[in-house]
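Trainee: Just dropping this structure here.
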Amino acid sequence: MKNLIQLTGVSKTFHNGQEEVSALKNINLTLEQQDYLAIVGPSGAGKSTLLHIMGGLDMPSKGSISSSDKDIYVMKESERALWRNKVVGFVFQFYHLIEELNVLENVAVSALRESRKSAFKKAEKLLEYLEIAGRKNFFPSQLSGGEKQKVALARALINEPEIILCDEPTGNLDKYSQDRVVELFEKLNKEKAKTVVIVTHNLELAKRAKKVIILKNGEIVR
Ligand SMILES: Nc1ncnc2c1ncn2[C@@H]1O[C@H](COP(=O)(O)OP(=O)(O)O)[C@@H](O)[C@H]1O
Ligand SMILES: [Mg+2]
Numbered sequence: 000m001k002n003l004i005q006l007t008g009v010s011k012t013f014h015n016g017q018e019e020v021s022a023l024k025n026i027n028l029t030l031e032q033q034d035y036l037a038i039v040g041p042s043g044a045g046k047s048t049l050l051h052i053m054g055g056l057d058m059p060s061k062g063s064i065s066s067s068d069k070d071i072y073v074m075k076e077s078e079r080a081l082w083r084n085k086v087v088g089f090v091f092q093f094y095h096l097i098e099e100l101n102v103l104e105n106v107a108v109s110a111l112r113e114s115r116k117s118a119f120k121k122a123e124k125l126l127e128y129l130e131i132a133g134r135k136n137f138f139p140s141q142l143s144g145g146e147k148q149k150v151a152l153a154r155a156l157i158n159e160p161e162i163i164l165c166d167e168p169t170g171n172l173d174k175y176s177q178d179r180v181v182e183l184f185e186k187l188n189k190e191k192a193k194t195v196v197i198v199t200h201n202l203e204l205a206k207r208a209k210k211v212i213i214l215k216n217g218e219i220v221r
């Protein structure tokens, strides 16, 4: 199996004024193609930080992250952005939708390198699958938390990334929508051989992953 992402001795320290927060401590982790990993742990454990670093969004203070044997933080920012766009689909804990764009545009925007028509068609299909197509002309401020979550998911999936990184992807969803999202992850993982990483508080969701790690105080405790 192909090693998609490898973290070696990764630490992250934040400086908040006088205070130093050690958010991650010496993390070693390998993601292979078709892995399905859940990361659980209490708030403040470093889960989001780990996901961001894994996805090329935040530089580690120490250690390295490589993808297909290339260190992604040695790449130039523009090269890393290209890698991210091609390889990684990211669902942020707080969605990060673009307020000035409607739902359909928010989803289509990262696929606009292809033809405009195909980007919008794909976006529409994903919105239909997630049963949110009825809101396609709405703006983010007009959506509920669960609806925003679905839009963020659709946006992460539009480029058919090899790796899907999701921060609390079901946190705001009702049981029915949670099940749809879980089904979607399983389908992408099994049928399309995608690698899925989810940060979750939802133990039911975590149990359905192939591998679970528990993060506490910036360390993998299991
Ligand atoms: N940008 C930041 N600046 C300063 N401290 C941060 C920043 N991001 C996270 N932290 C700190 O790092 C620790 C881990 O945060 P986070 O990764 O968000 O945890 P989790 O997602 O598990 O709740 C927390 O103590 C948090 O306050
Ligand atoms: Mg978090």
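Here the sequence shown is numbered in numbering that gives the first Met the number 0, starting from 0 and rising by one per residue. Backbone N, C-alpha and C define an ideal beta-carbon position, used for all residues, glycine too. Because the structure is a prediction, the values reported are computed rather than measured.
1) Note down the Cα distance separating ALA151 from LYS11, rounded to an integer number of angstroms.
2) Is GLU159 near LYS186, with beta carbons less than 9 Å apart?
3) Applying the criterion that 16 or more other CB atoms from any shown protein chain within 10 Å of the CB defines a buried residue, is GLU98 buried or exposed?
4) Here's a check: name, in chain order, each residue in its chain whose Cβ is nearer than 8 Å to the Cβ of ARG222, leaving out the five neighbours to either side.
5) Have a look at SER60 and LEU28 and give me their C-alpha separation to the nearest angstrom.
6) Tell me whether THR169, by its Cβ, gets closer than 8 Å to a heavy atom of ligand 1.
7) What I want to know is whether the C-beta of ALA22 ends up closer than 8 Å to one or more non-hydrogen atoms of ligand 1.
8) Can ASN15 be considered in contact with ligand 1, in the sense that its beta carbon sits closer than 8 Å to one or more heavy atoms?
9) Give a yes or no on whether the C-beta atoms belonging to LEU49 and VAL198 are separated by under 9 Å.
10) According to the neighbour-count rule (16 or more other Cβ atoms, all chains shown, within 10 Å of its Cβ), is ASN136 buried or exposed?
11) Considering ASN15, what are the terminal residues of the alpha helix (DSSP H) in which it resides?
12) If we call anything under 9 Å between Cβ atoms a contact, is VAL195 one with TYR35?
13) Should LYS121 be listed as close to ligand 2, given that the test is whether its C-beta is under 8 Å from any heavy atom?
14) Using only CA atoms, which one of GLU161, LYS174, ASN2, GLU218 lies nearest to VAL86?
15) Given the structure, does GLY43 come close to ligand 1, in the sense that its CB is under 8 Å from one of the ligand's heavy atoms?
16) Of the choices SER117, ALA22, MET74, whose alpha-carbon is the least far from that of LEU214?
Mentor: According to the structure data:
1) 26 Å
2) no
3) exposed
4) Absent from the model: residue 222. The displayed extent of the chain is 0 to 221, so no value can be given.
5) 16 Å
6) no
7) yes
8) yes
9) yes
10) exposed
11) ASN15 -> not in any alpha helix (DSSP H); beta strand (DSSP E) instead, spanning 2-15.
12) yes
13) no
14) GLU161
15) yes
16) ALA22
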